[in-house]
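Shown next, in the form of structure tokens:
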């Protein structure tokens, strides 16, 4: 098991990563939960991993109750959030009851938001069970639900007490979801040092086979990058926005197709290809660079092109992006691998050029 | 016009108090709003004060749109909150669009919570139009909506950019609402120095007549007390809880009677009498002290007894209070005027003794 510390201005907390995070609960759980916990999971994850967590809490003498939600991005909304609040109120959860998020990114984002807002802030622990949530969404305190008109539009910055990333839980993850998580791993490789990009290209086959040491190395490296960025810029006033590489395009895909039709990671994969194309349009990347990204995404069985949409649909969705400032869309682009930037002066002609091969007639 | 500064760990901001806060918008508004604002008000306040605010924003060159909500505590819930989110999304409000809360405590609490959570945090300005919101709820960053099972259960600590308390707007306030606000003024007198309590007793008639200087003095004094407390304890880990004097009982009254039947300030008035009775039960206050409080509340035309409820109803409501810890109810009591304390070991017998004259058969 490896331990990483996240130090934000508002709160410091550990991330435990490995195949044995449950075997040392005195270290990984006991210090971070109170006398009572609310375990919040979904219908898919609960049958797999709830009993083990309950046994650990029993052993620690922590009382608990469970709230089981429907599974999927389509349920990351105010109705499901109200199911959490209702369950907390009905079980008389107090301001010091620890909310435990057991599941993937949707569960983590929603439970984090519920914790941020229940009685104006309750403690919470993230137990991410998907690759995407382990490498990205469970770290850094971004919590949110979707609005019908835009993804993650309602939320808060709110840090957990601890994150427990059990790599063993990835063995039950459907292959499509594992690939979706790999999109965020690849994102870190495009944003970070060249060595990690090369390492990832060389180890993608081993990663896809979940070779334990390689998997642990990849998850640790991504969490470390994210922890470094979040420590510098918790509330995304600057460098943290780079982590949205591919996400402006990706969110448009998710919104257009209906939440849950494309997995978030799949939309981000196609979105990163588009961010590369836009970087080409701006004269930053070469076509060969984008081809290298496409090859890596394909090795992870990810889509490398968006669904066909007309330009006005793209524009309509992207004008709801949280990075929009004074009506101006802002995109994360790559000046080179490892050198991201925010482009705030993109005009429609440039966007049309970048999207041209993918537009609907 | 008087100016007070609130300095919390998370944010510092001014409160402008007076009959002329709108006459100096370069000082009171311009520095705190961006290029675009969302004015959020209700059906009662908007016809009275929206046009004046719009004229001021026009003069400042700030673009704006308005969202008008139904009026009343009964609407302080997730449905109305979603009306705010929907309006913000439909008007493409951005992360730097300033939300302006124009109304009383319900509007201020809801808009503050919408601002805390829209795109993970948008700037907001409080323009409280009721006495209660001017002396209490608009200051200090407590934002919330109600849950069907408990008041203010969903919320956040989130500070405004500025607070504009226009005392002139109190002239259109119904007498019952003005009295309700006076309950919070009296609360500050019970919590603070003896001089203010005596001053309030001597000036209650002038206050009820809205004599301008006396009114300004009272609002300023309350805001100053609150600013001092919030600067010491923004997130209510300690002394800030004293501001909940009478509120545990008051929230039970509101929940039992249905939100909006008793005004919040009316419920707090009766709740403060009960807090005094509990303080008597604990041997802290004398009956004569409680009678002094009752006389002051009566001078403000406030209720001094709760509706009749059986003890188990009281207990059921109060066990949902945010101050409950490890199943133990905690009450704000007065060891003496000006000396509040948290009593965490109150048993049912003591509660029954304090409530006895008011219980339903």
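Protein chains in written order, with my numbering: chain S, 4 to 364; chain Z, 4 to 364. The beta-carbon is built from N, C-alpha and C at its ideal position, and this holds for glycine as well. Since we're looking at a predicted model, the values are computed, not measured.
Pairwise C-alpha distance: residue j and residue i
i                      : j                      : result
residue 328 of chain S : residue 103 of chain Z : 19 Å
residue 38 of chain Z  : residue 320 of chain S : 23 Å
residue 278 of chain S : residue 11 of chain S  : 29 Å
residue 290 of chain S : residue 280 of chain S : 8 Å
residue 317 of chain Z : residue 333 of chain Z : 14 Å
residue 128 of chain S : residue 165 of chain S : 5 Å
residue 231 of chain Z : residue 146 of chain Z : 19 Å
residue 342 of chain S : residue 335 of chain S : 10 Å
residue 192 of chain Z : residue 83 of chain Z  : 34 Å
residue 305 of chain Z : residue 188 of chain Z : 12 Å
residue 340 of chain S : residue 284 of chain S : 16 Å
residue 331 of chain S : residue 56 of chain S  : 46 Å
residue 43 of chain Z  : residue 71 of chain Z  : 6 Å
residue 155 of chain Z : residue 203 of chain S : 49 Å
residue 194 of chain Z : residue 350 of chain Z : 24 Å
residue 242 of chain S : residue 296 of chain Z : 56 Å
residue 100 of chain Z : residue 66 of chain S  : 43 Å
Assigned exposure category for residue i - 16 Cβ within 10 Å defines buried
i                      : result
residue 133 of chain S : buried
residue 13 of chain S  : exposed
residue 240 of chain Z : exposed
residue 61 of chain Z  : exposed
residue 123 of chain S : buried
residue 303 of chain S : buried
residue 46 of chain Z  : exposed
residue 215 of chain S : exposed
residue 34 of chain Z  : exposed
residue 294 of chain Z : exposed
residue 324 of chain S : buried
residue 149 of chain Z : buried
residue 177 of chain Z : exposed
residue 50 of chain Z  : exposed
residue 298 of chain Z : exposed
residue 247 of chain Z : buried
residue 286 of chain S : exposed
residue 112 of chain S : buried
residue 162 of chain S : buried
Cutoff 7 Å: residue i Cβ touching any chain Z Cβ
i                      : result
residue 248 of chain S : no
residue 280 of chain S : no
residue 325 of chain S : yes
residue 319 of chain S : no
residue 120 of chain S : yes
residue 157 of chain S : yes
residue 333 of chain S : no
residue 243 of chain S : no
residue 123 of chain S : yes
7 Å Cβ cutoff, residue i in contact with chain S
i                      : result
residue 150 of chain Z : yes
residue 154 of chain Z : no
residue 253 of chain Z : no
residue 364 of chain Z : no
residue 127 of chain Z : no
residue 347 of chain Z : no
residue 160 of chain Z : yes
residue 338 of chain Z : no
Residue i CB to nearest heavy atom of the ligand COA below 6 Å
i                      : result
residue 156 of chain S : This structure lacks the ligand COA; in fact it carries no ligand of any kind.
Cβ-Cβ separation, residue j to residue i (assumed contact under 8 Å), whole Å
i                      : j                      : result
residue 108 of chain Z : residue 140 of chain Z : 4 Å
residue 300 of chain Z : residue 270 of chain Z : Wrong, their Cβ atoms sit about 12 Å apart, outside the cutoff.
residue 274 of chain Z : residue 245 of chain Z : The pair is not a contact, with the Cβ atoms about 14 Å apart (cut-off 8 Å).
residue 363 of chain Z : residue 313 of chain Z : 5 Å
residue 222 of chain Z : residue 209 of chain Z : 13 Å between Cβ atoms; not a contact.
residue 17 of chain S  : residue 8 of chain S   : 6 Å
residue 19 of chain Z  : residue 167 of chain Z : 5 Å
Proximal residues of chain C, C-beta to C-beta of residue i below 8 Å
i                      : result
residue 147 of chain S : No chain C is part of this structure, whose protein chains are labelled S and Z.
- request: Give the residues from the stretch 86-102 of chain S that approach chain Z closer than 9 Å (Cβ to any Cβ), ordered along the chain.
  value: Within the stretch 86-102 of chain S, contact with chain Z at the beta-carbon level (separation under 9 Å) is assigned to 88, 89, 91, 92, 93, 95, 97, 98 and 99.
- request: Check distances from the C-beta atoms of the stretch 33-52 of chain S to those of chain Z and list, in chain order, the residues that come in under 9 Å.
  value: Flagged, chain order: 37, 38 and 39.
field: Against chain Z: residues of the stretch 69-81 of chain S by CB proximity under 7 Å
entry: Listed by position, the residues of the stretch 69-81 of chain S near chain Z (Cβ gap below 7 Å) are 81.
message: To be precise: take each residue of the stretch 191-220 of chain S, compare its Cβ to all Cβ atoms of chain Z, and keep it if any distance is under 8 Å. Which residues remain?
response: Residues passing the 8 Å Cβ filter: none.
message: Under 9 Å, CB to CB, which of the residues in the stretch 221-234 of chain Z have a partner in chain S?
response: Across the stretch 221-234 of chain Z, no CB contact with chain S closer than 9 Å is found for any residue.
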